[in-house]
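Protein chains: 2
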Amino acid sequence: MTKILFDFISKYVSLTEDEKNAILSLDLFRSAKKGSILLNEGQKSNESYFVLKGCIRIYYLIDGEEKTTAFYTEMEALTPPCVINKTPSEYYVLCIEDTLLLVSNSDIEVEVNSKFPKFEVMCRMLAEELLAKQRIDFDEFKNSSPEQRYLNLLQKRPDLIQRVPQHQLASYLGIKPQSLSRLRARILEKNKG
Amino acid sequence: MTKILFDFISKYVSLTEDEKNAILSLDLFRSAKKGSILLNEGQKSNESYFVLKGCIRIYYLIDGEEKTTAFYTEMEALTPPCVINKTPSEYYVLCIEDTLLLVSNSDIEVEVNSKFPKFEVMCRMLAEELLAKQRIDFDEFKNSSPEQRYLNLLQKRPDLIQRVPQHQLASYLGIKPQSLSRLRARILEKNKG
DNA sequence: TTTATTTCTTAACTTAAGTGAACGAATTCA
DNA sequence: TGAATTCGTTCACTTAAGTTAAGAAATAAA
Chain R
1 MTKILFDFIS
11 KYVSLTEDEK
21 NAILSLDLFR
31 SAKKGSILLN
41 EGQKSNESYF
51 VLKGCIRIYY
61 LIDGEEKTTA
71 FYTEMEALTP
81 PCVINKTPSE
91 YYVLCIEDTL
101 LLVSNSDIEV
111 EVNSKFPKFE
121 VMCRMLAEEL
131 LAKQRIDFDE
141 FKNSSPEQRY
151 LNLLQKRPDL
161 IQRVPQHQLA
171 SYLGIKPQSL
181 SRLRARILEK
191 NKG
Chain Y
1001 MTKILFDFIS
1011 KYVSLTEDEK
1021 NAILSLDLFR
1031 SAKKGSILLN
1041 EGQKSNESYF
1051 VLKGCIRIYY
1061 LIDGEEKTTA
1071 FYTEMEALTP
1081 PCVINKTPSE
1091 YYVLCIEDTL
1101 LLVSNSDIEV
1111 EVNSKFPKFE
1121 VMCRMLAEEL
1131 LAKQRIDFDE
1141 FKNSSPEQRY
1151 LNLLQKRPDL
1161 IQRVPQHQLA
1171 SYLGIKPQSL
1181 SRLRARILEK
1191 NKG
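Protein chains in written order, with the working numbering: chain R, 1 to 193; chain Y, 1001 to 1193.
Below, the structure written as structure tokens:
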């Protein structure tokens, strides 16, 4: 399981055995059951997450309705905006599968970054990369219709469509569950007739 | 004009006079006329921009149509995804006003970051902050209708509505120009009747 | 296993966005 | 200045998403 972590890190910087051990000694591993909440709306937090195994979901509660905006699966990292802005969280973070995580926090990061400047570099690179990736995702979202978005998702993250309930995918695509259902039927119809 | 720059930097790290002079000696200032293109589709680049004065626009050319996805104005920084991914650009970057910029590139950044670790820290903080801000923007976009998005923009960036042509705002909001025009008429009608 | 709850689909109807076209206003260019 | 282009609005029509409601299917709980 630590292999996943070090494979991930090696994309950005190369670590010595000593450095690897220093990371492991921090003992950041945590497992969470399906349904457990990592962060509540209104809560303050300084925790960051890295998913080793499983899936976590971000959702807002608006007029009593859950609005899902993101999923994080294996090899993906999440630092909620509330951690960066030091404000109460505007959304919930929930495990939708039994999940194995790495949980860090800003204190640990400050310490590790000052001890190993390499980590500072890695964090910058990671943040820049995620920013660029998210920018592309956002642009694609703006430039396409719900149907195109769904087909796009089918291409890029087919796993999500398997492991996530449809009504959560719907709000992830910016539409209502009924619309996603209808849109899927429409696509099937096209590929048949 | 350098005041804007150092005010911006001071939000993240504090610089000595020597450090400030080191930055200035790099001579990164560039002015660009309205209509000038900073980056073409298909082009490779390693440049980052910081807007001191003016406005730049990001757009894709899809089926002969310009799809505007972002605007950057005073005190905003942009590193195009193609710089991070080292791929040809998927979009255009254009000045829609006479613009005064700071133009950096990855070579300069590598050098400055290794000479002044402070900069590495600043870049990480900035990237994290932009990532969080963009995340919130994306989430709001998903969770709202075109009309709500327009009203939201009116609140948060009223300047944009003044300085940017409506058809560019339309695709920024993810809709067609005619729809934006109609939607505005609808809002006026509500506030009257 | 039975019951309860959640999830997905379908349908009829409403609302709003996309499309194509026309026209006047504003801006740009020669 | 006059001509040409771009820009914004309006309209009629088409398409698709939102809404409300009902029922089937799948999943979770007792």
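For each residue, glycine too, the CB sits at the ideal point set by N, CA and C.
Whole-angstrom distance between R:Glu74 and Y:Tyr1150, CA atom to CA atom:
36 Å
Would you mind telling me which residues of chain R sit closer than 7 Å to Y:Gly1174, beta carbon to beta carbon, in chain order?
Lys142
Outcome for Y:Pro1165 when other beta-carbon atoms lying within 10 angstroms are tallied against a minimum of 16
exposed
Pull up the CB-CB distance for R:Ser45 and R:Ser89, whole angstroms please, since I reckon it's below 8 Å.
6 Å
Separation of Y:Ile1009 from R:Leu160, as counted between CA atoms:
40 Å
Coarse secondary structure for Y:Lys1067, derived from DSSP in three states:
strand
Please tell me whether R:Ile136 has its Cβ less than 8 Å away from any Cβ of chain Y.
yes
Would a check of beta-carbon distances place R:Val164 closer than 8 Å to chain Y?
no
Please decide whether Y:Thr1073 counts as near chain R, where near means a Cβ-Cβ distance under 8 Å.
no
When you check each C-beta in the segment 24 to 48 of chain R against every C-beta of chain Y, which residues fall closer than 7 Å?
none
Taking 8 Å as the threshold (C-beta atoms), are R:Cys55 and R:Phe71 in contact?
yes
Span of the alpha helix (DSSP H) holding R:Asn152?
Pro146 to Lys156
For the segment 1012 to 1031 of chain Y against the segment 1110 to 1128 of chain Y, are there 3 or more C-beta pairs whose distance is under 8 Å?
yes
Does the Cβ of R:Asn113 have 16 or more other Cβ atoms within 10 Å, making it buried, or fewer, making it exposed?
buried
My guess is that Y:Leu1180 and Y:Leu1169 are in contact by the Cβ rule of under 8 Å, so how many angstroms apart are they, rounded?
6 Å
Should R:Lys67 be flagged as near chain Y, meaning a C-beta pair shorter than 8 Å?
yes
Short check: CB of Y:Leu1131 to CB of Y:Ala1077, under 8 Å?
no
Buried/exposed call for R:Leu188, threshold 16 Cβ in 10 Å:
exposed
Which of the three DSSP states is assigned to Y:Val1013 in this structure?
coil
Cutting at 6 Å between CB atoms, please list the residues of its own chain near R:Ser36, excluding the five before and the five after it.
Cys95
Have a look at Y:Phe1050 and Y:Ile1175 and give me their C-alpha separation to the nearest angstrom.
28 Å
Looking at the C-beta of Y:Glu1128, does it have a partner C-beta in chain R at a distance below 8 Å?
yes
What residue ranges within the segment 1035 to 1095 of chain Y form continuous alpha helix (DSSP H) runs of no fewer than 4 residues, ordered along the chain?
1081 to 1085
Note down, in chain order, all residues in the segment 108 to 133 of chain R with a beta-carbon under 7 Å from any beta-carbon belonging to chain Y.
Pro117, Glu120, Val121, Cys123, Arg124, Ala127, Glu128, Glu129, Leu130, Leu131 and Ala132
Can you look up R:Val103 in the DSSP assignment and give me helix, strand or coil?
strand
Tell whether a beta-carbon distance below 8 Å holds between Y:Glu1047 and Y:Tyr1091.
no
Examine chain R for any beta-carbon lying closer than 8 Å to the beta-carbon of Y:Ser1139, and answer yes or no.
According to the sequence as given, residue 1139 of chain Y is Asp; it is not Ser. Judged by the 8 Å Cβ criterion, Y:Asp1139 is in contact with chain R.
Does R:Tyr60 come within less than 8 Å of chain Y when only Cβ atoms are used?
yes
Using the C-alpha atoms, what's the distance from R:Asp139 back to R:Lys133?
10 Å
Alpha carbons only, please: which of R:Ile62, R:Arg124, R:Phe29 and R:Leu61 is nearest the one belonging to Y:Ile1084?
R:Arg124
For R:Phe119, report the span of its alpha helix (DSSP H) as first-last.
Pro117 to Lys142
So, for R:Ser104: in the same chain, excluding its five sequence neighbours on each side, which residues have a beta-carbon less than 6 Å away from its beta-carbon?
Leu28 and Ser48
Strictly below 7 Å CB to CB, what residues from chain R border Y:Pro1081?
Ala132, Arg135 and Ile136
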